[in-house]
Structure formats: C-alpha cells, structure tokens
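Peer 1: Residue numbers (this note's numbering): 152 to 398. This is the structure I have questions about; it appears just below.
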C-alpha cells in the first residue's frame, strides 16, 4: 500500500502544473538560479517551453485572455491559480462571492432598481428590492450551474465527480471576469446594449475556459455555455416580470 500511495502523490504533483502548448503535466515550470535569474523548462511531450507566460507582465496575460487565447487560459487556470492542487476551497468561496455580487449588479441594472432606491424612502420597499435581486441571482445561477453540469455530463459525455465539478465551476467563475465592467456601469451612464456585449464576452470566455478544463471540442463547449446563459437569461426575465406584477 505504501508504494501505491507514493506513486499517486507523484502523479498528482506532476499534474499540478501543465504545459500551455499540449496540456500535459509537468513537474516544474522553471528553475530559479538567483533572484531575477530563471530558466524556463521545456515540456517532455511537445519539446516546447512549457509556459512562456511566466516571464510576461500581467497586462500581457490579460490582453491574451481578452483575445481568448487558450494558452493564456491554461496559464491562468492551471499554472497561476493551480486548479489541480485540490486545496482551492478559499479561492472557490472568494470567486463565488465576487461572481454573485457582480451578478447582483447586473440584475439591478436590468431591473432599474437604482430608481427604486432613489425614489422611495421606505425601508420595506428597499428590503423588498434587495429580496427580489437576491432571489433572481440565486435562482438564475442555480439554473445556470445545472445546465453547465448536465450539459457537460450528457451532451459532452464527460464523467463527473465532486472534484471535477468543482474544477469546472471554478473555471467558469474565474473566466467571468468581464463582469467587472458592470461596476463601471453602476457609476457612469451606459446604454443598455453594453450589458448585452458584456454577456457575449462572458459567454465566449466561459466556453474557452470549459474547453481548456475539459479538453473537449470547442463547438460542444460553446453549445453548453450558450444553453446555460440562455436558460439563465430566460429565468432572469421571467422572474423579474413575475415579481414586478406581484409588486
């Protein structure tokens, strides 16, 4: 039993870092000889430098992420955030909190809840507005997550366990970084079409992240993400319409 455990630990250590070119596991990405003096390691599988992004500034990485380059997503998800490590609970909780908070901003912009806050001084109305936004965020994302999981399991025919589901959802959360632009929309006036543009960027970014994590065809990942976002959008519109009639 002892040698088997050691072998599993070594295999896990290899898979904790990945080559951004072929996706194979690698033990170490670079060797540091002194501060500021490093040598990038080559992948044994493809014989290329495993991760050239190590020497790049964050702005270059961000630009490549915006351009939806799969190598940049490989670097971010597996070599920078290390999703394969297994101890991503803190990262998952923080990402979920930021994601839900930004989604609440999005729902507020759609339902023009800022006008409700400004036009009424009633505490009950304010609480009811918060309740509507919270309900919409929870229900909409429950539908979104369900479609992602079911689509990945049945449409893409990928076997899932708890660890795998957590890895996929964390990739979806992190790749939704375009939602950060919603903060600017809460401060300055923007046309409503900007929301649609942000949603499109989030959808495409989610599809790239899902493809990187699952290593499945792009068309299938795009179909799953499109279905999840469409179901979430329908739920948001339906629930907001239903609650507006009740109020």
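For each residue, glycine too, the CB sits at the ideal point set by N, CA and C. Here the structure is a predicted model, which means the values were calculated and not measured.
Grouping DSSP H, G and I as helix and E and B as strand, with all else coil, what is residue 341?
Peer 2: Three-state DSSP puts residue 341 in coil, outside helix and strand.
Peer 1: Which residues bound the alpha helix (DSSP H) around residue 177?
Peer 2: Here residue 177 belongs to no alpha helix (DSSP H), and DSSP marks it neither H nor E.
Peer 1: State the CB to CB distance for the pair residue 174 and residue 366, rounded to an integer number of angstroms; the pair is presumed to be in contact (CB under 8 Å).
Peer 2: Confirmed, Cβ separation roughly 6 Å.
Peer 1: Taking 8 Å as the cut-off, does the stretch 354–368 touch the stretch 330–337 (at least 3 CB pairs, one atom from each stretch)?
Peer 2: No, they do not touch.
Peer 1: Could you tell me the alpha carbon to alpha carbon distance between residue 314 and residue 208, rounded to whole angstroms?
Peer 2: Approximately 31 Å, taken between the alpha carbons.
Peer 1: DSSP puts residue 185 in a beta bridge; with which residues?
Peer 2: BP columns for residue 185 point to 188.
Peer 1: For residue 158, which residues from the same chain have a beta carbon less than 8 Å from its beta carbon, with the 5 sequence-adjacent residues on both sides left out?
Peer 2: Note that residue 158 scores a pLDDT of 46, beneath 50, so its modelled location is shaky; the value from the coordinates is reported in the next line. Closer than 8 Å at Cβ, skipping near neighbours: no residue.
Peer 1: Going straight from the alpha carbon of residue 268 to that of residue 324, what length do you get?
Peer 2: Here the model assigns residue 268 a pLDDT of 47, short of 50, so the residue's position is not dependable, and the following value carries that caveat. Cα to Cα, the separation comes out at about 29 Å.
Peer 1: Any idea what DSSP makes of residue 198, helix, strand or coil?
Peer 2: If DSSP states are grouped into helix, strand and coil, residue 198 belongs with coil.
Peer 1: How is residue 222 classed by DSSP in three states: helix, strand or coil?
Peer 2: Note: residue 222 maps to helix in three-state DSSP.
Peer 1: Can you give me the Cβ contacts of residue 227 inside the same chain, cut-off strictly under 8 Å, excluding the 5 residues immediately before and after it?
Peer 2: The answer, listed in chain order, is 212, 216, 325.
Peer 1: Which first and last residues belong to the alpha helix (DSSP H) in which residue 210 is found?
Peer 2: From DSSP, the alpha helix (DSSP H) with residue 210 extends over 209–217.
Peer 1: Report all residues from its chain with a CB closer than 6 Å to the CB of residue 291; omit the five preceding and five following residues, and keep chain order.
Peer 2: Excluding residues within five positions, the ones whose Cβ falls inside 6 Å are 383, 386, 387.
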